[in-house]
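Single-structure report; data block below.
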Amino acid sequence: MKLTIISILFLVSLITTTEAQEKTKITDVTVYLDGAEITRIAEVTVPKGNTEFIFNKLSPLIEESSIQVSGLNNTSILSINYGINYLTKQKQNDSITELQNELKVIQNEIQHQYNLIEGYNEELSLIKHNKSLSTETEAVTLEELKKFASYYRARVTEIKTDINTSNIKITELNKTKIAINKQLNELNVDEKVQTGEIKIKLNSDELTKVNLKLTYNVKDAGWFPIYDLKATKINEPIQLEYKAHIYQNTGCDWEDVNLVLSTNDPNTNNEKPILNPKYLNFINAYSNYTSQRATKSYNYKYNPLVKNVSGIVTSSSDGLPLPGVNIIEKGTSNGTSTDFDGHYSLKTTTGNTLQFSYLGFEIEELPIHSSIMNVSLNEDTNALEEVVVVGYSTTNSSSSYVKPEYNSQEIVNRLYGKAAGVTIRGASTINNKNNPLFIIDGVAVKSNAAKNIDPNSIADIEVLKGTNATSIYGNRASDGVIVITTKNHSTRKTNDLGIVVDTGITNTRFEIDKTYSIPSDGDITVIDIDKFSLPATYDYFAAPILNENVFLTAKIGNWEKYNLLPAEANVYFEGSFSGKTNINPNATTDSLTISLGVDPNISVKRKQLNDFKKSTFIGNNKVIYKGFEIEIKNNKTSAIKLTLLDRIPITQNRAIKVDDIITGNSIYNKDKGILEWQINLESGEQEKVEYSYSVKYPKEKRVNL
């Protein structure tokens, strides 16, 4: 019996779980456009049996599904749990702690001054209530009266002076207190108390030491680009300085970390859309039905640095400004509307998206990405047209679209069958029921992405299982890893700033050459990550029907090779700051045109010709004649080349006719109605261009001329 009890106790000792709290250090951070991947290391001793390790004081913003653990050696993971510890306070950074301590000292000093004032008032009250100098049996002498009067006057004056001094101190201390609170608000300080905790239960057959590597994604961090465009003279290359603005408010400081900036955004919906059949049916005329619109692709990201947004809202069909457009910061009541010329200005608060709405136009939503946001609205054709559906017969169809399911073996076989000359190592070890991790050119992707890869672009496929997989890719590789390497999948180069730029198929990585410390305060850390000398063609541009200012533009060819992101740019011309502009590399044009600002030394005036200020009636029709003259003068000391645009309206109704078109020496695009002049002017020269047309329509109608 004793032997049995001893045996049981021995067995219990083997399965008893011990608990250990371990310290970790952040070594590497990959910052995405939205979010960041954190890598921590911890050296732990794993005793024989089951042991639970607690890694605490982590960020409370960890995405639990992203947690990976590697470096296990011969140990195995029994479980991983992530939770929030509400009893452990986050550590504020030193500057914030210093301000908060100063605030406490000031508050104590204010209370001390109030206590002094209270004591002074008590003394005054005591003096006032003890003015009697004589008694019933003894009279006061004149000398004693003088002494008391002198003391009373001096002491009361002294007390009131001290009270006034304390009140002055309180006023000054309150001013300092307000300033410190404003600074804390600027640093986005809140009273967070919770921290994150990761609990990992490991099993080992023997005492062993392992270097665990924890990797996970966090929210409330990211980076966005800012460009500086510098042009010293016309006909010289533009110098583009590419800067990264990094922010993080994750609850943990990043101290002396290896930093990588990635243009990837893991929070974007990466699932490809499924196009199902659409079945028409009758709907109630008063039902709240809206047709589905495609999700637009902008690649704009929220920029927390933007506090004021301004711009102009126009119609995409004719480019005219739209007055009265409602603009609201989504999720708030903060909003404004455009003026008569389509201009708006809005001070942002807590939202990160602007919503533009106007009757008869599609609603537009854009992230607050720049201090200048010019928006073009599309007409809502569904709101203006009535769709009539005539049904001749009906059929009952039970058919439906079924999303195909792909298992790992099918994907491997598909790629193997089409990728000529590719060796697939270890393919036979993949079980159809497993869900292996797919790695394409070093990036974890979903099976759909692997399925859709072009087999002809594959250079190598390798299948990893067991510890070979988990030691490299962590616990998410428990079902195996399929590593796919594509041909020429990336180009790595070191730029002039000493930063390694790794350009892959879908994103670019900037591997910073030195460690950085970025506090968790939401403030901005600026890093120069690249610079280019851009060959440019300079031109002046004017469209006086919309704006009588003349803009200097620079056209950059082959801009795709620079891998730029949509962002705001500071423009410097001839050594002076000339304003801001936006760079949009997502344009489908073969060149990128950048506005360098307004040149006041070139004047453009557009006026209506007197001979065309008339209208006539022909039968049941009204005819309006329009003619314009545009005068350009070069007041600069050098010659210029100017692109001048105007337009002739295009009819969308057979009852409206545009005739008598005279376009002069312009290049006329009949489909769009756009007139273009290429004008070369020497210093001091001027030139005039003219065009005219007539519009005929039924006299009882009105036309939007």
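Residue numbers for the sequence shown, in the working numbering: 12 to 716.
C-beta atoms are modelled at their ideal positions from N, C-alpha and C, and glycine is treated no differently.
query: Along the chain, where does the beta strand (DSSP E) that runs through I538 open and close?
result: Working through the sequence shown from its first residue, we reach residue 538 at position 527. Note, I538: beta strand (DSSP E), 536-545.
- prompt: When the Cα of N84 is compared with those of Y484, I117, V609, V324, which residue comes out closest?
  reply: The count along the sequence shown starts at 1 and reaches residue 84 at position 73. Comparing Cα-Cα distances from N84 to each of Y484, I117, V609, V324, the minimum goes to Y484.
- prompt: At what residues does the beta strand (DSSP E) containing T108 begin and finish?
  reply: As a first step, residue 108 is located in the sequence shown; it is residue number 97 there, counting from the start. It is not in any beta strand (DSSP E) - T108 instead sits in the alpha helix (DSSP H) that spans 105-139.
task: May I ask you to report which of helix, strand or coil DSSP gives D173?
output: Here residue 173 corresponds to residue number 162 of the sequence shown, with the count starting at 1. Helix, per DSSP.
message: Which of the three DSSP states is assigned to T168 in this structure?
response: Counting from one through the sequence shown, the residue named residue 168 turns up at place 157. Correct three-state label for T168: helix.
query: Could you give the uninterrupted runs of the beta strand (DSSP E) lying entirely in the segment 460-530, keeping only those of 3 residues or more?
result: 469-475, 492-497, 502-505, 511-514, 519-522, 527-529
query: Is it right to say D231 is buried, meaning 16 or more other beta carbons lie within 10 angstroms of its own, or is it exposed?
result: Within the sequence shown, numbered from 1, the residue matching residue 231 stands at position 220. Answer is buried; the Cβ neighbour count reaches 16.
- prompt: From K699 to D532, what does the alpha carbon distance come to, in whole angstroms?
  reply: Along the sequence shown, read from residue 1 onward, the residue named residue 699 stands at position 688. Along the sequence shown, read from residue 1 onward, the residue named residue 532 stands at position 521. If I take the Cα positions, the gap works out to 58 Å.
message: To test your reading of the DSSP string, which unbroken beta strand (DSSP E) runs of 3 or more residues are found completely within the segment 642-706?
response: 651-658, 668-673, 678-680, 685-692
field: CB of L575 within 9 Å of CB of P546, strictly
entry: Within the sequence shown, the letter at position 564 stands for residue 575. Within the sequence shown, the letter at position 535 stands for residue 546. Not closer than 9 Å, so no.
- request: Report the three-state DSSP secondary structure of N443 (helix, strand or coil).
  value: The residue given as residue 443 occupies position 432 in the sequence shown. In this predicted model, N443 has a pLDDT of only 48, less than 50, meaning its place in the structure is not dependable; the value taken from the coordinates is given anyway. It is coil, neither helix nor strand.
field: Entirely enclosed alpha helix (DSSP H) segments - the segment 56-108, minimum 4 residues
entry: none
- prompt: V615: which of A650, E559, A470, T176 sits nearest, CA to CA?
  reply: Taking the first residue of the sequence shown as position 1, residue 615 is located at position 604. Cα-wise, what sits closest to V615 is E559.
message: Using a 10 Å radius around the Cβ and a threshold of 16 neighbouring Cβ atoms, would you call D507 buried or exposed?
response: Against the sequence shown, residue 507 aligns to sequence position 496. Exposed: under 16 other Cβ atoms inside 10 Å.
- prompt: Helix or strand or just coil, what does DSSP make of E640?
  reply: Counting from one through the sequence shown, the residue named residue 640 turns up at place 629. It is a strand residue.
task: Could you say which of K476, Q118, K572 lies nearest to L603 if we only look at CA atoms?
output: Position 592 of the sequence shown holds residue 603. Among K476, Q118, K572, the Cα nearest to that of L603 belongs to K572.
task: From the DSSP output, read off the bridge partner residues of D239.
output: Numbered from its first residue, the sequence shown carries residue 239 at position 228. Partner(s): E252, N581.
message: On the DSSP letters alone, give me the boundaries of the beta strand (DSSP E) that L719 sits inside.
response: Any property of residue 719 remains undetermined from this structure, which presents the chain solely from 12 to 716.
- prompt: Where does F159 fall in DSSP's three states?
  reply: On the sequence shown, residue 159 is found 148 positions in, with the first residue counted as 1. Reduced to three states, the DSSP call for F159 is helix.
- prompt: Just reading off the beta strand (DSSP E) that L225 is part of, what are its end residues?
  reply: The residue labelled residue 225 in the question sits at position 214 within the sequence shown. Unbroken beta strand (DSSP E) run through L225: 219-229.
task: Measure how close the beta-carbons of Y253 and P236 come, nearest whole angstrom, since I'm counting them as under 8 Å.
output: What you label residue 253 is simply residue 242 of the sequence shown in a count that begins at 1. What you label residue 236 is simply residue 225 of the sequence shown in a count that begins at 1. Contact flag correct, Cβ pair sits at about 6 Å.
- prompt: To which residues of the same chain is V634 closer than 8 Å at the C-beta, ignoring the five residues directly before and after it?
  reply: Mapped onto the sequence shown, residue 634 falls at position 623. Excluding residues within five positions, the ones whose Cβ falls inside 8 Å are S626, T627, F628, S705, V706, K707.
message: Taking the alpha carbon of S677 as the reference point, which residue from Q689, L127, V669 has its own alpha carbon closest?
response: Here the question's residue 677 lines up with position 666 in the sequence shown. For the residues Q689, L127, V669, the minimum Cα distance to S677 belongs to Q689.
message: Taking its Cβ as the centre, do 16 or more other Cβ atoms sit within 10 Å of A488, making it buried, or is it exposed?
response: In the sequence shown, the residue the question calls residue 488 occupies position 477. Buried, because 16 or more other Cβ atoms sit within 10 Å of the Cβ of A488.
task: Leaving aside the five residues before and after L728 along the sequence, list all residues of the same chain whose C-beta is less than 6 Å from its C-beta, in chain order.
output: Since the displayed the chain opens at 12 and closes at 716, residue 728 lies outside it and no answer follows.
- request: With DSSP as the reference, label F449 as helix, strand or coil.
  value: By one-based count along the sequence shown, residue 449 stands at place 438. If DSSP states are grouped into helix, strand and coil, F449 belongs with the strands.
DSSP beta-bridge partners of H354: Numbered from its first residue, the sequence shown carries residue 354 at position 343. Paired residues: I323.
message: Does V537 pass the burial test, meaning 16 or more other C-beta atoms within 10 Å, or should it be called exposed?
response: Numbered from 1 along the sequence shown, position 526 holds the residue referred to as residue 537. With fewer than 16 other Cβ atoms within 10 Å, it is exposed.
query: Are at least three pairs of beta-carbons, each pair with one atom in the segment 63-70 and one in the segment 36-55, less than 8 Å apart?
result: yes
- prompt: To the nearest angstrom, how far is it from the Cα of Y43 to the Cα of L377?
  reply: Locating residue 43 in the sequence shown gives position 32, counting from the first residue. Locating residue 377 in the sequence shown gives position 366, counting from the first residue. Cα-Cα distance, rounded: 19 Å.
query: CA-CA distance, F159 and T182?
result: Numbered from its first residue, the sequence shown carries residue 159 at position 148. Numbered from its first residue, the sequence shown carries residue 182 at position 171. The straight-line gap from Cα to Cα measures roughly 34 Å.
message: Quick check on E340: buried or exposed, where buried means 16 or more other Cβ atoms within 10 Å of its Cβ?
response: To locate residue 340, count along the sequence shown from 1; it is residue 329. Flag for E340 reads buried.
task: Counting only the same chain and skipping the five closest in sequence on each side, list residues whose C-beta sits under 6 Å from that of L135.
output: One-based indexing of the sequence shown puts residue 135 at position 124. Around L135: I170.
message: Within a Cβ cutoff of 7 Å, which residues of the same chain sit near K504, ignoring the five residues on either side of it in sequence?
response: Numbered from 1 along the sequence shown, position 493 holds the residue referred to as residue 504. Correct list, in chain order: V512.
message: Given this structure, state the Cα-to-Cα distance separating K652 from V582, to the nearest angstrom.
response: For the purposes of this step, residue 652 is identified with residue 641 of the sequence shown, where counting begins at 1. For the purposes of this step, residue 582 is identified with residue 571 of the sequence shown, where counting begins at 1. Between K652 and V582, the C-alpha separation is close to 21 Å.
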